[in-house]
Every structure is written in C-alpha cells, then in structure tokens.
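In our numbering, the protein residues as written are 248 to 631.
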Ligand SMILES: Cc1cc2nc3c(=O)[nH]c(=O)nc-3n(C[C@H](O)[C@H](O)[C@H](O)COP(=O)(O)OP(=O)(O)OC[C@H]3O[C@@H](n4cnc5c(N)ncnc54)[C@H](O)[C@@H]3O)c2cc1C
C-alpha cells in the first residue's frame with residue numbers, strides 16, 4: 248500500500264504532517280491491513296476491541312485529544328485504506344470523547360478521556376432512535392431530574408459499539424416540549440443499572456452495531472456534559488469537527504480501491520493487451536483519480552480551516568462529507584468494474600470496501616441532510 252499521496256493536499260499541510268502520514272500508513276499496513284476479515288458479528292466485536300487496544304496503544308487516537316483535525320484526517324485515511332473496521336473504531340473514540348472534551352466536565356474527563364485515548368476504554372455515541380434519525384430533535388428518550396441524579400428512559404438504535412463500549416455519550420430530552428433546545432448530553436458507564444444491550448444489528452460489513460435501552464437508569468448530575476438543554480449544540484459541535492474526518496475515511500477507502508484498480512488494469516490482459524491500454528478503462532481511472540483529488544481537497548480545506556481556529560466549519564464540513572462519501576462510492580464501484588469478477592469475490596479487498604463504504608453516506612448525517620445544511624448556510628450568507 249502506498250497511501251496516502253500527500254502531493255495533491257500539500258498546500259493544506261505542515262511539515263510534521265508528512266512524517267505523521269507516513270508513520271500512520273506504515274502502522275496501518277503492518278498492524279491492520281493483514282488481519283483477516285472477521286467471519287461474523289461476534290468476531291467483529293472481538294476484533295474491534297483488539298483494534299482499540301492496538302491503535303490506541305500505538306498513540307493513534309492522540310490527534311483527537313489534541314484536536315488536531317488534519318492529523319485526525321490523515322490517520323483515518325490510513326486506517327480506512329487498510330481496514331474499515333479499524334477506521335470505525337477511531338471514529339467512535341472521536342464521537343464519544345469530543346463531547347466530554349468540549350464540555351470541560353473535569354470528572355468525566357478524568358475518568359474517561361485518557362483511558363479512551365490510550366485505547367483502554369471504548370466509547371460510543373448514542374443519538375439515533377427508532378423514531379428520530381435525521382430528525383434528531385424528535386428524540387423520545389427522556390432524562391428526568393430527581394434530586395442529585397437523572398433518570399433515563401428510552402431506546403437508542405443503530406449505535407456503533409453497542410454492547411462492547413465501556414461508556415456511552417447519550418443524548419436525551421430534559422424538556423420534551425422544547426425540541427432541540429430541550430436536549431441534554433450525558434456520559435453513561437456501560438455497567439450502569441438500567442442500561443441494557445437489547446440486540447445486535449448486523450451489517451453486511453464488519454461493524455459492531457446495536458440497540459440499547461434505558462429503563463429507570465439513574466446517573467448522577469455530575470455525568471451531565473455541559474449545561475442542561477445545551478446537549479444538541481454539543482452534539483452538533485462534535486459532528487461539525489468529525490464530518491470532515493468521515494470524508495477522510497471515504498478518501499482512504501477510495502484511494503485503496505483506485506490503487507487496486509490500477510494494479511489490475513496494468514497486469515490483466517484481454518484482447519492481447521493490458522486493460523490499462525483500453526480508452527474506456529482509462530476514462531474510468533481518470534474520473535476516479537479526479538474525483539478522489541477533489542474530495543481530498545475539500546476534506547483538507549475543512550480540516551485546515553478548523554485547525555486555524557475557525558469556531559464552526561459547518562459549511563466546509565458538510566461539503567467535504569457529502570462530496571467525499573458520494574465520490575468514494577462511485578470510485579469503489581468503478582474499481583469493481585475494472586476488476587471484473589475478481590472484484591466481487593468476498594476475499595477481494597475491493598469487495599470489502601464496497602460493503603463498507605456505503606454506510607458513510609448515511610451516518611453522521613445523510614448526504615441529503617448535508618445538502619440541506621449547505622443550502623441553509625448559503626441562504627444565511629450567500630457570499631460563503
Ligand atoms: C453503520 C452505521 C453506524 C451508525 N452509528 C451510529 C452511532 O454510533 N450513533 C448514532 O447515534 N447513530 C448511528 N447511526 C445512525 C445514523 O446516524 C442514522 O442512520 C442517520 O442519521 C439517518 O437516520 P435514519 O437511518 O433513521 O434515516 P431517515 O432519517 O429515516 O432518512 C431516510 C432517508 O430520508 C432522507 N431524509 C430524511 N429527512 C429528509 C429531509 N428533510 N429532506 C430530504 N431527505 C430527507 C434521508 O437523507 C435518507 O435518505 C449509524 C448508522 C449506520 C448505518
């Protein structure tokens with residue numbers, strides 16, 4: 248694996264990034280890429296815990312704690328190219344930990360952040376519900392104040408790391424009639440009485456996912472992250488930072504697919520010459536490479552803007568996530584076409600990417616929601 252190629256995004260990187268990208272890529276190739284794909288959901292869950300310890304133990308979650316967004320993108324590109332499961336583990340450490348970092352809740356930070364960054368504690372981010380997907384403000388999970396504690400009741404669905412996480416960052420309504428302005432955020436240790444893992448939800452790609460439920464689940468007021476009613480804002484701030492990194496993961500998967508397609512097109516001969524000499528194949532490869540470069544430019548522009556200290560990168564992040572995840576889907580699909588039957592064999596790395604890349608257009612806000620965000624931002628500030 249020769250990923251990532253830093254030349255197209257050079258203008259957005261500092262010198263230290265070249266070193267970091269090379270090291271991340273070496274680590275991913277050495278420790279992650281060679282792992283066989285887990286055979287079933289139980290194996291994927293064990294593998295995710297093992298990857299957590301390895302990736303965290305080697306220090307690769309540190310850019311999350313340092314809020315170094317370009318470094319987060321480079322690490323996700325490298326991990327995703329080697330193993331979409333390893334990338335998902337990284338993503339959830341970010342999603343579950345950033346609300347704690349942003350809220351400046353010292354006791355939660357002491358208990359969870361160092362452990363999460365070192366790969367000793369697995370994080371999860373519990374926002375989605377059966378009746379509240381894109382429409383987050385419609386959530387029905389409640390957190391009712393009762394003296395020095397809150398009582399959580401409700402169900403969360405499609406939660407990554409459900410059943411294997413050590414702690415959940417949970418969004419619940421403290422004032423149900425207030426919609427988004429009545430949502431608060433809490434950190435809930437996985438062993439809290441009243442929190443149960445209901446069932447796994449099985450994807451076509453290895454990715455631990457599932458449903459959790461809260462029934463009279465009591466947590467101390469100290470576990471609230473930020474002010475009451477400000478949880479939705481904390482969630483949005485987290486997504487604002489993480490969405491470009493989803494785009495980076497998409498680029499990592501796309502770059503790996505493009506590399507496999509190029510290698511195949513050069514070596515496979517039909518009609519007496521390599522596939523790479525047919526113009527219809529060249530057209531595909533050219534489009535794939537152009538899409539990938541455009542996606543990476545949007546991703547690193549966003550991360551660079553965030554690293555420069557811009558408080559919100561809502562527009563940049565929505566453009567980066569929507570474009571990169573859609574482009575990656577096209578690139579991986581075209582790679583399969585170039586590979587022919589070999590590309591749809593379950594053992595082929597491109598087939599693995601094909602099954603994994605699809606979900607990126609859905610989680611952390613679907614493409615349609617990103618487009619609504621972009622249009623909303625442009626209407627507020629047409630010059631943007
Ligand atoms: C692999 C995976 C991992 C996930 N991990 C997590 C996790 O860790 N934590 C978590 O909280 N959630 C997680 N999710 C859930 C994810 O965030 C939701 O699936 C996503 O927000 C969309 O919600 P939904 O699936 O209910 O779709 P819906 O909201 O029902 O949308 C269905 C379709 O309608 C479109 N749509 C909805 N509203 C509009 C509109 N106003 N205008 C136009 N189109 C619209 C959507 O874009 C989509 O195409 C995960 C999902 C997946 C697939």
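Just so you know, even glycine gets a beta-carbon here, dropped at the ideal spot from N, CA and C.
Item                                                                                                                       : Value
Less than 8 Å between the beta carbons of residue 615 and residue 495, yes or no?                                          : no
Would you mind sorting residue 451 into buried or exposed? The rule is 16 or more other CB atoms within 10 Å of its CB.    : exposed
Using a Cβ-based criterion (distance less than 7 Å to any ligand heavy atom), does residue 371 qualify as near ligand 1?   : yes
Hey, residue 326 and residue 337: beta-carbon distance below 8 Å or not?                                                   : yes
Compare the Cα-Cα distances from residue 562 to each of 590, 607 and 627 and report the closest residue.                   : 627
Just to confirm, is the Cβ distance from residue 364 to residue 303 under 8 Å?                                             : yes
Which first and last residues belong to the alpha helix (DSSP H) in which residue 599 is found?                            : 596-604
Rounded to a whole number of angstroms, what is the C-alpha to C-alpha distance between residue 282 and residue 331?       : 12 Å
Buried or exposed: where does residue 629 fall if 16 or more other Cβ atoms within 10 Å of its Cβ makes it buried?         : exposed
How is residue 572 classed by DSSP in three states: helix, strand or coil?                                                 : helix
Under three-state DSSP, which class holds residue 391?                                                                     : strand
With distances taken Cα to Cα, identify the nearest neighbour of residue 437 among 357, 424, 369 and 420.                  : 369
Determine the extent of the beta strand (DSSP E) in which residue 396 is found, giving its start and end residues.         : 396-407
Return the CA-CA distance between residue 548 and residue 259, expressed in angstroms with no decimal places.              : 7 Å
Residue 377: buried (16+ other C-beta within 10 angstroms of its C-beta) or exposed?                                       : exposed
Nearest by alpha-carbon distance to residue 577: which of 559, 596, 558 and 531 is it?                                     : 531
Can you tell me where the alpha helix (DSSP H) holding residue 343 begins and where it ends?                               : 331-350
At 3 residues or longer, what runs of the beta strand (DSSP E) sit wholly inside the segment 408-487?                      : 414-420, 430-436, 442-447 and 456-467
Across which residues does DSSP place residue 376 in a beta bridge pair?                                                   : 379
In this structure, does DSSP put residue 314 in helix, strand or coil?                                                     : coil
Is it a yes or a no for the segment 487-494 touching the segment 418-438, going by three-plus beta-carbon pairs under 8 Å? : no
To the nearest angstrom, how far is it from the Cα of residue 468 to the Cα of residue 487?                                : 26 Å
From the DSSP secondary-structure annotation, give me the bridge partner or partners of residue 516.                       : 521
If distances are taken between C-alpha atoms only, which option among 352, 333, 252 and 447 comes closest to residue 603?  : 333
To the nearest angstrom, how far is it from the Cα of residue 504 to the Cα of residue 600?                                : 7 Å
Looking at the unbroken alpha helix (DSSP H) that takes in residue 535, where does it start and where does it end?         : 526-554
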